[in-house]
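Following: one structure in structure tokens, then a few remarks.
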Amino acid sequence: MWQHMVARRDAGLVLVFSPHPDDEVIACGGTIARHAAEGARVRVVFSTDGAMSHAAVLGIESDPSPPELREIRQGEARAAAKAMGLSAESAEFLGFPDTRLADHLPEFRREVTRVLRAHPEVSMVYLPHEIRELNADHRLTGEVVLSCLGELGMTPALFRYVVWDERTEEEFAFVNRRPAADVPAGDERLVAFDITDRLPVKQAAFREHRTQVELFSPAQDRPVVPLAFQERVMNGTVEEFWTTEEVEGP
Numbered sequence: 406m407w408q409h410m411v412a413r414r415d416a417g418l419v420l421v422f423s424p425h426p427d428d429e430v431i432a433c434g435g436t437i438a439r440h441a442a443e444g445a446r447v448r449v450v451f452s453t454d455g456a457m458s459h460a461a462v463l464g465i466e467s468d469p470s471p472p473e474l475r476e477i478r479q480g481e482a483r484a485a486a487k488a489m490g491l492s493a494e495s496a497e498f499l500g501f502p503d504t505r506l507a508d509h510l511p512e513f514r515r516e517v518t519r520v521l522r523a524h525p526e527v528s529m530v531y532l533p534h535e536i537r538e539l540n541a542d543h544r545l546t547g548e549v550v551l552s553c554l555g556e557l558g559m560t561p562a563l564f565r566y567v568v569w570d571e572r573t574e575e576e577f578a579f580v581n582r583r584p585a586a587d588v589p590a591g592d593e594r595l596v597a598f599d600i601t602d603r604l605p606v607k608q609a610a611f612r613e614h615r616t617q618v619e620l621f622s623p624a625q626d627r628p629v630v631p632l633a634f635q636e637r638v639m640n641g642t643v644e645e646f647w648t649t650e651e652v653e654g655p
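Going by the numbering used here, the letters in the sequence shown line up with residues 406 to 655, in that order.
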């Protein structure tokens, strides 16, 4: 039950690993807002800088340029954190190149290890599914976080999410795959958390990612995040996670 999650939360910190700025809201925005409202300490860790969203998805490389987007999206992530009830300082940016996390895995592993060692009290971790996610930045974030947790002997409650599946890939018209060799664990199950009461907060946080949900560049004729995808995020009253934990949604 949610009360069991609250009890685990009270014992430590909630860490959310997000491949790019906006994935934290898409996957966990309502759940983060609930944790914050209940008094939890929540920290969001972003793997990549998000600088390539316009270039990779829309072919737009100026106004904004990737370096400009890097700075803008950090500000958006901090604003989204505040909208969810966190402090702006709760957002941490590891800054690896967007779409190219696969090229920096040793360095990324060191940074994830540093983050985890700095927070031995972590009791819950939200992370991309290391197998079910199709996007390489997403899947590798989950894979490395799990590997580092194992190496450090840390055993927080794990809740894996999926943002980038085949439907998302088709809607974005963008593919960046690095398939996993493994298959999902047979004992994991999908749980759905009702976020109806936190949906307005999630919506407000999602809107803070303006570069992704609006026509931010004069060259755009569609947002980076397709409208159909946005509609699902803005209207979804549940957030789903794969877990082996003995809990149910609230």
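Yeah, the Cβ is synthetic: ideal placement off N, Cα and C, and Gly gets one too.
Using beta-carbon positions only, say whether residue i and residue j come within less than 7 Å of one another.
i: residue 607; j: residue 435; result: yes
i: residue 527; j: residue 420; result: yes
i: residue 473; j: residue 613; result: no
i: residue 565; j: residue 534; result: yes
i: residue 529; j: residue 486; result: no
i: residue 576; j: residue 633; result: yes
i: residue 549; j: residue 532; result: no
i: residue 496; j: residue 449; result: yes
i: residue 622; j: residue 477; result: no
i: residue 423; j: residue 451; result: yes
So, is residue i buried or exposed, given that buried needs 16 or more other C-beta atoms within 10 angstroms?
i: residue 547; result: buried
i: residue 581; result: buried
i: residue 627; result: exposed
i: residue 429; result: buried
i: residue 588; result: exposed
i: residue 637; result: exposed
i: residue 519; result: exposed
i: residue 492; result: exposed
i: residue 432; result: buried
i: residue 619; result: exposed
i: residue 560; result: exposed
i: residue 458; result: buried
Mind reading off the beta-carbon distance from residue i to residue j? Whole number of angstroms is fine, and I expect it under 8 Å.
i: residue 541; j: residue 507; result: 5 Å
i: residue 513; j: residue 501; result: 6 Å
i: residue 625; j: residue 463; result: 6 Å
i: residue 455; j: residue 503; result: 5 Å
What does DSSP give as the partner residues of residue i in its beta bridges?
i: residue 643; result: 599
i: residue 648; result: 594
i: residue 421; result: 449, 531
i: residue 493; result: Residue 493 pairs with nothing; no bridge assigned.
i: residue 501; result: 453
Return yes when the C-beta of residue i is under 6 Å from any heavy atom of the ligand FAD, and no when it is not.
i: residue 570; result: The ligand FAD is absent from the structure shown, which contains no ligand whatsoever.
Alpha helix (DSSP H) runs contained entirely in the segment 552 to 616, provided each spans 4 or more residues: 571 to 577, 604 to 612
Just list the alpha helix (DSSP H) runs in the segment 423 to 487, keeping only unbroken ones of 4 residues or longer that don't cross its boundaries, in chain order. 428 to 442, 458 to 463
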